[in-house]
Amino acid sequence: MHLSDTAEQAELRARVRAWLDEHRDEAPVLAGEGALSDPDEILAARRAWQRRLAEAGLAGATWPSEYGGRGLGPVENVIIGQEMRRAGVPGILDVIGVGMLGPTIIAHGSEEQKGRFLGPMLHGDEIWCQLFSEPAAGSDLAAVQTRARRGDGGSWTLNGQKVWTTNAQFAAYGLLLARTDPEVPKHKGMTMFIVPMDAPGVTVRGLRQISGEAEFNEVFFDDVVIPADSAVGGVDNGWSVGLTTLMFERLTIGLGGGESLGYRGERFARALADDRSARADSAVRHELGELAAELEAVRWTGYRSISALQGGQIPGPEFGLAKVTTVNCAVRAVDLIVDVLGPDALADDGEWAYVTSFLPGLKSAGGTEEILRNTIGERVLGLPPEPRLDKGVPFSELRAGERHGTAA
Ligand SMILES: Cc1cc2nc3c(=O)[nH]c(=O)nc-3n(C[C@H](O)[C@H](O)[C@H](O)COP(=O)(O)OP(=O)(O)OC[C@H]3O[C@@H](n4cnc5c(N)ncnc54)[C@H](O)[C@@H]3O)c2cc1C
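Read left to right, the sequence shown gives residues 18 to 425 (my numbering).
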């Protein structure tokens with residue numbers, strides 16, 4: 018593990034810091050005094066900020082330069098993230114597009130697709146959504162039932178439903194996993210498609226969360242026709258394309274602790290520091306200390322993983338472990354804060370009301386805790402795999418909705 022910046026990294030850090038010092042005022046204020054409140058204004062401001070960051074080379078920095086990135090490594094990307102947090106500015110709006118779907122198109126897309134879609138994605142002109150999960154296909158992602166049938170001139174007709182689709186309410190495009198051949202085992206007959214979200218037959222319906230926001234959606238496809246060249250990475254090759262997206266998802270949300278999700282021990286300690294009874298209570302101090310130590314361990318594990326990535330390794334299951342630990346610690350920390358500070362800690366406009374309503378969802382996002390533990394058991398600890406009853410069975414012979422082991 019390399020803990021200090023090399024000369025080049027120190028220079029990058031200084032340049033990023035200087036740019037942020039100069040342009041901090043252009044960043045949208047999303048919390049606290051002077052925060053924007055109108056959803057349309059927030060969206061416009063976040064798009065504009067993403068554009069500024071992209072122009073400055075601070076968005077999609079790991080993308081190859083021919084697609085608008087800087088070809089930087091994962092450590093350099095962490096440095097940019099650290100400097101943005103230090104400057105107190107928000108990150109990009111389209112984390113899913115730039116962090117996960119763009120890299121998938123870079124890895125598997127045709128040159129036409131790369132030339133058409135990557136630039137507007139990076140600059141926030143076209144926001145993207147990930148159309149993978151369905152009511153009966155989440156952990157078992159290979160159970161997707163949305164069908165794509167080939168029609169005249171090679172065009173495709175889509176029918177089905179997706180759910181949990183973050184940002185679909187304002188997305189211009191989605192990357193959609195659909196079944197193209199039900200007569201082969203379920204991992205084999207799927208294809209990844211680029212779908213314009215304004216195509217006739219696409220219906221987006223918001224799902225209201227406990228926080229009052231509606232960041233996720235159900236998306237319905239009723240005889241949606243998309244062109245022949247919409248497939249990404251080849252027909253019936255959707256599973257391997259999807260695995261690329263999930264690998265980048267691990268990178269995007271899996272770095273743990275302070276680096277990706279923003280949950281660090283000091284954030285929770287600060288909330289309790291002003292409360293005299295909390296300071297005096299050794300049980301509170303003990304619990305907080307334990308949580309902070311775990312989060313700190315996750316952070317350093319994250320650095321070790323990033324060093325390994327820099328050395329050419331691909332993101333492994335250990336990234337999932339970081340997510341599980343981070344989310345569990347954050348849940349315990351917010352419970353502690355609410356115990357100590359009482360219901361006032363959950364005032365509507367406060368930080369903790371939002372965090373406490375958002376955290377349960379994070380237990381599922383990017384793989385549920387049980388699935389991640391299964392993966393770690395199998396791939397890290399070498400424990401026996403779960404029984405997989407559907408292995409080798411054509412999808413059409415499986416009972417719809419029946420669960421057979423895990424996805425990724
Ligand atoms: C905040 C958030 C944002 C999301 N954004 C998107 C998005 O933009 N696009 C998208 O496509 N999806 C998105 N998702 C969906 C996410 O990928 C799924 O929630 C996740 O894959 C779990 O699927 P599920 O919700 O269907 O739960 P299920 O798979 O139905 O699981 C239900 C429960 O059963 C357990 N379980 C299932 N299988 C096993 C097993 N084999 N062994 C042990 N336990 C098991 C699970 O751990 C869980 O507790 C998002 C989810 C969240 C919470």
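Note that the Cβ used here is the ideal one computed from N, Cα and C, for glycine as well.
Remember, it's a predicted structure, so these values are computed and weren't measured experimentally.
Exercise for the section: Give the single residue among Arg396, Gly251, Asn345 whose Cα lies nearest to the Cα of Gly378. Expected result: Taking the sequence shown and counting its residues from 1, the one referred to as residue 378 is at position 361. Of the candidates Arg396, Gly251, Asn345, the one whose C-alpha sits nearest the C-alpha of Gly378 is Asn345.
Exercise for the section: Determine, using beta carbons only, whether Met207 and Asp169 come nearer to each other than 8 Å. Expected result: Locating residue 207 in the sequence shown gives position 190, counting from the first residue. Locating residue 169 in the sequence shown gives position 152, counting from the first residue. It is not a contact, given that the beta carbons lie outside the stated cut-off.
Handout entry: DSSP three-state assignment for Met207, whether helix, strand or coil
Key = In the sequence shown, residue 207 corresponds to position 190, counting from 1. Strand.
Problem - Closest residue to Asp215 among Lys205, Arg196, Phe187, Met209 (Cα-Cα distance) - result: By one-based count along the sequence shown, residue 215 stands at place 198. Ranking the options by Cα distance to Asp215, first place goes to Phe187.
Practice task
Could you pull out every residue in the same chain whose Cβ sits closer than 8 Å to the Cβ of Gly274, ignoring the five residues on either side in sequence?
Solution key: Residue numbering aside, residue 274 sits at position 257 when the sequence shown is read from its first letter. A caution first: Gly274 carries a pLDDT of 41, below 50, which makes its placement in the model unreliable, though a value can still be read off. Within the same chain, Cβ atoms closer than 8 Å to the Cβ of Gly274 are found at Tyr280, Arg281, Leu312, Glu313, Val315, Arg316, Gly319, Ala339, Thr343, the five residues on either side in sequence being excluded.
Problem - Proximal residues to Val357 (C-beta, below 7 Å), its chain only, five neighbours per side dropped - result: Counting from 1 along the sequence shown, the entry for residue 357 is found at position 340. For Val357, where only same-chain residues beyond five positions count, the Cβ hits under 7 Å are Leu289, Asp292, Ala295, Val301.
Practice task
Confirm the yes/no value for this check: CB of Gln147, any heavy atom of ligand 1, distance under 7 Å.
Solution key: What you label residue 147 is simply residue 130 of the sequence shown in a count that begins at 1. Relative to the non-hydrogen atoms of ligand 1, the Cβ of Gln147 comes within a distance shorter than 7 Å of at least one.
Handout entry: Buried versus exposed call for Leu353 [16 or more other C-beta atoms within 10 Å across all chains shown]
Key = Sequence index remark: in the sequence shown, residue 353 carries index 336 (1-based). By the 10 Å Cβ count, Leu353 comes out buried.
Practice task
Kindly indicate which residue of Asp157, Gly223, Gly250 has the alpha-carbon position closest to the one of Leu389.
Solution key: Stepping through the sequence shown from its first residue, residue 389 is reached at position 372. Per the Cα distances, Asp157.
Exercise for the section: Taking 8 Å as the cut-off, decide whether the C-beta atoms of Met209 and Ala248 are in contact. Expected result: Along the sequence shown, read from residue 1 onward, the residue named residue 209 stands at position 192. Along the sequence shown, read from residue 1 onward, the residue named residue 248 stands at position 231. It is a contact, given that the beta carbons lie within the stated cut-off.
Practice task
Report whether the distance from the Cβ of Gly378 to the nearest heavy atom of ligand 3 is below 7 Å.
Solution key: Ligand 3 is not among the ligands present in this structure, which contains only ligand 1.
Problem - Distance CB(Met117)-CB(Gly108) smaller than 8 Å - result: By 1-based counting over the sequence shown, the position of residue 117 is 100. By 1-based counting over the sequence shown, the position of residue 108 is 91. The answer is no: Cβ separation not under 8 Å.
Practice task
Would you mind working out which of Ile144, Ile243, Gly177, Ala185 sits nearest Gly171, comparing C-alpha positions?
Solution key: Looking up residue 171 in the sequence shown gives position 154. Ranking the options by Cα distance to Gly171, first place goes to Ile243.
Problem - Beta-bridge pairing of Leu193 - partner residues as DSSP gives them - result: The residue you call residue 193 lines up with position 176 of the sequence shown. DSSP output for Leu193 lists Leu148, Phe210 as bridge partner(s).
Practice task
Confirm, please, whether the CB-CB distance from Tyr190 to Leu135 is below 8 Å.
Solution key: In the sequence shown, counting from the first residue as 1, residue 135 sits at position 118. In the sequence shown, counting from the first residue as 1, residue 190 sits at position 173. When the beta-carbon positions are compared, Leu135 and Tyr190 stay at least 8 Å from each other.
Exercise for the section: For the region 27-47 and the region 67-77, state whether three or more C-beta atom pairs, one from each stretch, are separated by less than 8 Å. Expected result: Between the region 27-47 and the region 67-77, the count of C-beta pairs closer than 8 Å reaches three or more; the two stretches touch.
Problem - Reference Asp240; option with closest CA among Gly229, Gln226, Gly218 - result: By one-based count along the sequence shown, residue 240 stands at place 223. For the set Gly229, Gln226, Gly218, the Cα lying nearest the Cα of Asp240 is the one of Gly218.
Handout entry: Assigned exposure category for Glu266 - 16 Cβ within 10 Å defines buried
Key = The sequence position of residue 266 within the sequence shown is 249, counting from 1. Buried, because 16 or more other Cβ atoms sit within 10 Å of the Cβ of Glu266.
Practice task
Starting from the Cα of Ser324, find the closest Cα among Ala48, Gly90, Asp55, Asp246 and give me that residue.
Solution key: For the purposes of this step, residue 324 is taken as the residue at position 307 of the sequence shown. The candidate whose alpha carbon is nearest that of Ser324 is Gly90.
Exercise for the section: Mind checking who Lys179 pairs with in its DSSP beta bridge? Expected result: As a position in the sequence shown, residue 179 is number 162, starting the count at 1. Its beta-bridge partners are Val236.
Handout entry: For Thr174, three-class secondary structure by DSSP
Key = Stepping through the sequence shown from its first residue, residue 174 is reached at position 157. Three-state result, Thr174: strand.
Handout entry: Near ligand 1: Asp157 beta-carbon under 7 Å from a heavy atom
Key = Translated into positions along the sequence shown, residue 157 becomes position 140. Yes; taking the cut-off as 7 Å, the Cβ of Asp157 has a heavy atom of ligand 1 nearer than that.
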